[in-house]
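To start, the structure itself, in structure tokens.
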Amino acid sequence: MSETARLADAIERQRRDEAAAHEADFAHIATKLARRGVDPETIVARLSKLRIAVPSWALGAGGTRFGRFTQAGEPRDINEKVADVAAIEKLTRANGEISLHIPWDRTDDPKGLRAYLAESGIVCGPINSNTFQDGERPNDPRASYRFGSVSNVWDEARARAVDHMVGVVALGKALGSQALTVWLSDGTNHPGQHSFRGALDRTIDSLSKVYATLPDGWSLYTEHKPFEPAFYSSVNFDWGASLLIARSLGPRARCLVDLGHHLPNANIEQIVAMLVHQGRLGGFHFNDSKYGDDDLTTGSIQPYQLFLICRELVDAERDGAFAAHAPDLMIDASHNFKDPIEDVLQSTEAILIAYAQAMTVDAAKLDIARAENDPAGAQEALQDAFRTDVRALVREARRRKGGALDPISAFRLSGYRQAVAHKRGFQQATGL
Ligand code: PSV
Ligand code: MN
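Read left to right, the sequence shown gives residues 17 to 448 (this note's numbering).
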């Protein structure tokens with residue numbers, strides 16, 4: 017039996033076996049929400065439209081600088097990565113998009129890849145440049161990214177970085193993408209190593225050259241991060257720097273928020289609100305963290321934070337703030353222990369749950385609490401929603417689109433991993 021047939025069979029069997037239990041759960045939550053004046057149908061309809069992109073680099077086992085433990089059945093090339101995303105999409109009906117990373121996903125046949133994506137029902141989401149690794153080491157040491165890419169004092173490195181990004185945009189266009197995500201490792205490890213203002217000037221100047229080549233309808237996302245691999249200063253270190261760079265480039269430059277890219281205890285939901293206010297929220301890299309850029313499963317450490325972020329999104333959507341541009345939702349996680357597909361399924365589920373919970377907030381109650389300066393009342397409104405078990409809403413959205421009621425158990429039931437492991441063996445997927 018093909019892997020696709022295995023998945024279809026498992027999904028179908030599960031839909032049959034768990035139908036009665038699911039219907040009872042759905043009726044229960046529908047009654048409960050009606051008491052709060054919330055319409056479950058609106059939530060199910062919204063959930064069924066959410067699309068969460070899968071990062072190509074998260075389909076293999078991740079690692080740290082201390083090592084990487086390859087798992088059986090990792091995708092060996094870009095087509096196998098697309099096949100894994102198509103499998104995920106069959107289960108969830110919420111992940112029909114892949115985010116590529118170049119050169120990890122370099123292809124000599126963009127036309128062929130585009131056709132394979134279309135055949136697999138997968139869209140090419142925002143595409144990422146990589147100027148944090150030299151890849152093939154350049155002949156000229158002044159063109160190396162060792163001391164930075166777009167911010168480097170050496171012209172040769174900056175020119176190489178700009179050329180690379182322009183090439184990534186061209187490839188993305190050929191594949192149907194509509195955005196370039198730029199994360200820079202540029203920065204310093206030692207006070208005085210470079211001029212903060214000089215580095216920012218060079219970054220804006222270089223990225224302007226890339227921005228000038230953006231095709232119609234494209235965005236450029238700037239992704240901030242305070243540290244790693246630079247441990248004294250990063251050029252695009254926080255949302256302020258990111259906004260500043262985006263504003264300097266032009267209206268189609270927007271900021272991308274990676275949940276792991278903040279100093280401990282940062283109020284990420286407020287950062288999101290600020291970017292919405294400025295009309296510059298480009299998108300997300302969802303993950304979770306305990307200490308730094310841990311890239312753990314979304315919602316596995318701080319689910320309340322995820323809920324509060326989603327609440328800002330629901331709020332912004334209601335205010336029409338995303339009329340010009342809706343943020344791109346992407347996962348950016350890494351998994352040393354879990355099966356990569358299972359990790360993506362769990363992250364997706366966590367985002368859908370948090371989004372659904374955010375939609376169950378009694379907005380009138382919250383508005384009254386705010387108007388009355390009643391913080392306890394505001395907390396009640398939020399936590400009443402956060403403590404609501406909305407999983408039946410998420411399942412219903414998936415059920416109506418033909419997906420699995422419970423993606424992880426259907427994935428396990430299908431034997432997909434065993435089947436691809438048999439075919440692919442032990443080969444490390446490209447990525448970090
Ligand atoms: C950097 O830590 C980052 O979050 C960027 O998005 C990169 O593209 C990705 O991770 C690489 O793994
Ligand atoms: Mn990221």
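Ideal Cβ positions, reconstructed from N, Cα and C, are used throughout, including at glycine.
Classification of residue i by the beta-carbon crowding that lies within 10 angstroms, buried from 16 upward
| i | result |
| --- | --- |
| residue 362 | buried |
| residue 137 | exposed |
| residue 375 | buried |
| residue 12 | There is no way to answer for residue 12, as the model of the chain reaches only from 17 to 448. |
| residue 17 | exposed |
| residue 30 | buried |
| residue 207 | exposed |
| residue 240 | buried |
| residue 102 | buried |
| residue 373 | buried |
| residue 232 | exposed |
| residue 402 | buried |
| residue 153 | exposed |
| residue 192 | exposed |
| residue 253 | buried |
| residue 418 | exposed |
| residue 167 | buried |
| residue 245 | exposed |
| residue 265 | buried |
| residue 135 | exposed |
For residue i, the first and last residue of its enclosing alpha helix (DSSP H)
| i | result |
| --- | --- |
| residue 20 | 19 to 33 |
| residue 173 | 171 to 191 |
| residue 382 | 379 to 387 |
| residue 371 | 356 to 375 |
| residue 219 | 212 to 227 |
| residue 291 | 284 to 293 |
| residue 411 | 407 to 416 |
| residue 162 | Per DSSP, residue 162 belongs to no alpha helix (DSSP H) and is neither H nor E. |
| residue 307 | Careful: residue 307 lies outside any alpha helix (DSSP H) and carries neither H nor E. |
| residue 110 | Careful: residue 110 lies outside any alpha helix (DSSP H) and carries neither H nor E. |
| residue 438 | 432 to 440 |
Span of the beta strand (DSSP E), counted from its first residue to its last, around residue i
| i | result |
| --- | --- |
| residue 299 | 297 to 302 |
| residue 263 | No beta strand (DSSP E) holds residue 263; the alpha helix (DSSP H) holding it covers 255 to 265. |
| residue 198 | 195 to 199 |
| residue 114 | 113 to 115 |
Reduced DSSP category for residue i - H, G, I as helix; E, B as strand; rest coil
| i | result |
| --- | --- |
| residue 96 | helix |
| residue 250 | strand |
| residue 64 | coil |
| residue 422 | coil |
| residue 80 | strand |
| residue 136 | helix |
| residue 239 | strand |
| residue 393 | helix |
| residue 58 | helix |
| residue 347 | strand |
| residue 270 | strand |
| residue 206 | coil |
| residue 317 | coil |
| residue 312 | strand |
| residue 119 | coil |
| residue 69 | strand |
Heavy atom of the ligand MN within 7 Å of residue i beta-carbon
| i | result |
| --- | --- |
| residue 239 | yes |
| residue 351 | no |
| residue 10 | Residue numbering for the chain in the displayed model covers 17 to 448; residue 10 lies beyond these limits and cannot be assessed. |
| residue 304 | no |
| residue 199 | yes |
| residue 344 | no |
| residue 348 | yes |
| residue 274 | yes |
Near the ligand PSV: residue i beta-carbon under 7 Å from a heavy atom
| i | result |
| --- | --- |
| residue 301 | yes |
| residue 389 | no |
| residue 279 | no |
| residue 252 | no |
| residue 309 | yes |
| residue 448 | yes |
| residue 144 | yes |
| residue 180 | no |
| residue 206 | no |
Presumed contact (8 Å Cβ cut-off) between residue i and residue j, rounded CB distance
| i | j | result |
| --- | --- | --- |
| residue 425 | residue 22 | About 14 Å; that fails the 8 Å criterion. |
| residue 63 | residue 97 | Going by Cβ atoms, the distance from residue 63 to residue 97 rounds to 26 Å, so no, they are not a contact pair. |
| residue 370 | residue 323 | 5 Å |
| residue 72 | residue 114 | 6 Å |
| residue 60 | residue 409 | 6 Å |
| residue 378 | residue 400 | 7 Å |
| residue 77 | residue 87 | 5 Å |
Cutoff 8 Å: residue i Cβ touching any chain D Cβ
| i | result |
| --- | --- |
| residue 135 | Absent here is chain D; the protein component of the structure consists of one chain. |
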